[in-house]
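Colleague: For reference, the structure I am asking about is given below.
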Amino acid sequence: MTAQISALNGTAETDPASPVTARPVIAKPGGPLRGTVKVPGDKSISHRAVMFGGLAVGETRILDVLTGEDVVRTAEAFRALGASVDMEADGSWRVRGVGIGGLTEPANVLDMGNSGTAARLLLGVLAGHGITAFLTGDGSLRKRPMNRVTVPLALMGAQFTTRSGGRLPLAITGKDEPVPIEYELPVASAQVKSAVLLAGLAARGATTVIEPQATRDHTERLLRHFGATVTVEELETGGRRITVTGQPELTAPKQPIRVPADPSSAGFPVVAALIAEGSEISLPSIGLNETRTGLYTSLQEMGADIVIANRRDEGGEPVGDFTVKTSALKGIEVPPERAPSMIDEYPILAVAAAYAEGKTVMRGIHELRVKESDRLAAVAALLRENGVTVEDGDDWMIVHGTGGSNGQGVPGGGTVETHLDHRIAMSALVLGHAAQNPVRIDDGNAIGTSFPGFIELMNGLGADISTD
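Numbering (the working numbering), first residue to last: 329 to 796.
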């Protein structure tokens, strides 16, 4: 599978410390975007489907898996731990699991590339196995804090050796029967929640996570789909209390799991169509999980013409078909409590805000500072470099839009530093399509981690994006 997916994604395994040749990309001002496009499968669900298949008894078939580098890293890690993961000729994946507690000690370091989701969820899995493993990642991932995960997992009995600040590379020695705990998240995080719940699968008894605000619930939904007992209690404070009963026998589903199209990835062509005059595009089967739709709620509040039709369930997740038309956007104030449902989408929302009339206020977004890059700083720099006025602080940002009857639009003409962050790279290229002058990014390599084929998809709609 490694060779098959590496060839498909245009990547190869490399030493994470080795430099990768930068690939500058330029987006030139273009005309209307038109057509129907299928967005890649949801990254969050793809990760989890592969992981849970590896922990289940039997063979799990998964359709529409995201074949980006991030998910490939998850697949490679589980192969190294003893599970079988294969890609079929029709593009589906088959995962033959080893059961909870059945993973074996890997012979080599597990390289998680750029994926914080893969690294943090895998630590939860490994915490429930009495084996030792070593994890590393690329330059960006090695800067991201892991102590938000290692702290609760250590309470459950796992042992860690990390770099200062709890960063990768690290060593973990898990425990065959971790201690069940009740853990209240200091900050709402689906990754931390999921890591604790996954460790709890191997515990004797119930493991509970209390989250201050509701975060994406793909872990809870999919664990139930594999036969685990997971209960969720809504709290008066707006948070949730999630409990998993330990030591279930996860069983491969009889029917294939179909991964919905990723709502985070869909945000890039959606915003591109909203800001490019005369555009109309269609995007089928977009995931509509209520813990992931904050971007679309915000865009519709700004006046976006987004019609969602044919709402239905696929594989336990709600989906719908989008039609998007160019819209005159207006600035809004995004409620801080909406942040967990759209934390990955603030970069592309900021691009929409740059073309809106008036100012858009975003607060409660400190979590952006510990993503693949300091996304808050990176987004502010992206916009300023291209002539947009931005104010920002520790956990807030205000974008002064260039639209409206007296607006002149975004000047563009800048070169954006991506910091190895795929969302910064794609956001800048979307900005450039509707700008007055071309926008360049210093490196487009990271785009493949979540959206392989992004440039080709955008050009197929009518954009002009190319290697600089």
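Don't be surprised by glycine CBs; every beta carbon is placed ideally from N, CA and C.
Going by C-alpha distance, which of Gly528, Val413, Met786, Ala435 is nearest Ile428?
Modeller: Taking the sequence shown and counting its residues from 1, one reaches residue 428 at position 100. The candidate whose alpha carbon is nearest that of Ile428 is Gly528.
Colleague: Give every residue of the same chain whose Cβ lies closer than 7 Å to the Cβ of Ser272, excluding the five residues on either side of it in the sequence, and list them in chain order.
Modeller: As shown, the chain starts at 329 and ends at 796. That puts residue 272 outside it, with no answer to give.
Colleague: Which same chain residues end up closer than 7 Å to Pro675 when comparing Cβ atoms and leaving out the 5 residues on each side of it in sequence?
Modeller: Indexing the sequence shown from 1 puts residue 675 at position 347. Answer for Pro675: Arg703, Val707, Arg751, Ile752, Ser755, listed in chain order.
Colleague: Output the distance between the C-alpha atoms of Arg532 and Glu577, rounded to the nearest integer angstrom.
Modeller: As a position in the sequence shown, residue 532 is number 204, starting the count at 1. As a position in the sequence shown, residue 577 is number 249, starting the count at 1. Each residue's Cα considered, the two are about 13 Å apart.
Colleague: Under three-state DSSP, which class holds Met786?
Modeller: Taking the sequence shown and counting its residues from 1, one reaches residue 786 at position 458. Met786: helix per DSSP, three-state reduction.
Colleague: Tell me which residues share the same chain as Asp749 and place their Cβ nearer than 8 Å to its Cβ, disregarding the 5 neighbours each side in the sequence.
Modeller: Counting from one through the sequence shown, the residue named residue 749 turns up at place 421. Excluding sequence neighbours, Asp749 sits near Ser468, Lys699, Glu700, Ser701, Arg703, Ala706, Ala774.
Colleague: Using CA atoms only, rank isn't needed, just tell me which of Gly396, Ile660, Leu785 is closest to Ser443.
Modeller: Mapped onto the sequence shown, residue 443 falls at position 115. Of the candidates Gly396, Ile660, Leu785, the one whose C-alpha sits nearest the C-alpha of Ser443 is Gly396.
Colleague: With DSSP run on the structure shown, which of helix, strand or coil describes Ala791?
Modeller: Your numbering for residue 791 matches position 463 in the sequence shown. Looking at Ala791 - three-state DSSP - the assignment turns out to be coil, as it is neither helix nor strand.
Colleague: In the DSSP assignment, what are the bridge partners of Lys653?
Modeller: Locating residue 653 in the sequence shown gives position 325, where the first residue counts as 1. Within the DSSP bridge table, the entry for Lys653 names Glu608, Asp633 as partners.
Colleague: Kindly say whether Ala594, judged by its beta-carbon, lies nearer than 9 Å to any beta-carbon of chain B.
Modeller: Protein chains in the displayed structure number just one, and chain B is not present.
Colleague: By the three-class DSSP mapping on this structure, what secondary structure does Ser463 have?
Modeller: In the sequence shown, counting from the first residue as 1, residue 463 sits at position 135. The question names Ser, yet the displayed sequence has Leu at residue 463. Note: Leu463 maps to strand in three-state DSSP.
Colleague: Looking at the unbroken beta strand (DSSP E) that takes in Lys699, where does it start and where does it end?
Modeller: On the sequence shown, position 371 is the one that residue 699 refers to. Per DSSP, Lys699 belongs to no beta strand (DSSP E) and is neither H nor E.
Colleague: Beta strand (DSSP E) containing Thr489: first to last residue?
Modeller: On the sequence shown, position 161 is the one that residue 489 refers to. First-last of the beta strand (DSSP E) with Thr489: 487 to 491.
Colleague: Since I believe Val727 is in contact with Ala762 (beta carbons under 8 Å), could you give me their beta-carbon distance rounded to a whole number of angstroms?
Modeller: Here residue 762 refers to the residue found at position 434 of the sequence shown. Here residue 727 refers to the residue found at position 399 of the sequence shown. With 8 Å as the limit, Ala762 and Val727 do not qualify as a contact, their Cβ atoms being about 15 Å apart.
Colleague: Decide if Ala345 is buried, meaning its Cβ has at least 16 other Cβ atoms within 10 Å, or exposed.
Modeller: Start at 1 with the first residue of the sequence shown, and residue 345 comes out as number 17. Caution is warranted here: a pLDDT of 43 is assigned to Ala345, below 50, making its placement in the model unreliable, and no coordinate value can be reported.
Colleague: In the DSSP assignment, what residue or residues form a beta bridge with Pro646?
Modeller: Residue mapping note: residue 646 aligns to position 318 of the sequence shown, counting from 1. Beta-bridge pairing links Pro646 to Asp641.
Colleague: Measuring only the C-alpha atoms, how far is Leu616 from Leu496?
Modeller: Looking up residue 616 in the sequence shown gives position 288. Looking up residue 496 in the sequence shown gives position 168. Roughly 33 Å separates the two Cα atoms.
Colleague: From the DSSP output, in three-state form, read off Ile428 for me.
Modeller: Against the sequence shown, residue 428 aligns to sequence position 100. Ile428: coil per DSSP, three-state reduction.
Colleague: How is Val558 classed by DSSP in three states: helix, strand or coil?
Modeller: Within the sequence shown, residue 558 is the residue found at index 230, counting from 1. In the structure shown, Val558 sits in a strand (DSSP, three-state: E or B).
Colleague: What does DSSP give as the partner residues of Arg362 in its beta bridges?
Modeller: As a first step, residue 362 must be located in the sequence shown, where it is residue number 34. Bridge partners of Arg362: Glu608.
Colleague: Can you tell me whether Ala335 is buried or exposed? The criterion is at least 16 other CB atoms within 10 Å of its CB, across all chains shown.
Modeller: Taking the first residue of the sequence shown as 1, we reach residue 335 at position 7. Model confidence at Ala335 stands at a pLDDT of 33, short of 50, so the residue's coordinates are unreliable; what they give is reported in the following sentence. Answer is exposed; the Cβ neighbour count stays below 16.
Colleague: What whole-angstrom Cβ distance do Leu498 and Met474 have, given they're in contact under 8 Å?
Modeller: Sequence index remark: in the sequence shown, residue 498 carries index 170 (1-based). Sequence index remark: in the sequence shown, residue 474 carries index 146 (1-based). For Leu498 against Met474, the beta-carbon gap comes to about 6 Å, under 8 Å, which counts as contact.
Colleague: What is the DSSP secondary structure of Val393, reduced to helix, strand or coil?
Modeller: As a working note, residue 393 is residue 65 in the sequence shown. Reduced to three states, the DSSP call for Val393 is coil.
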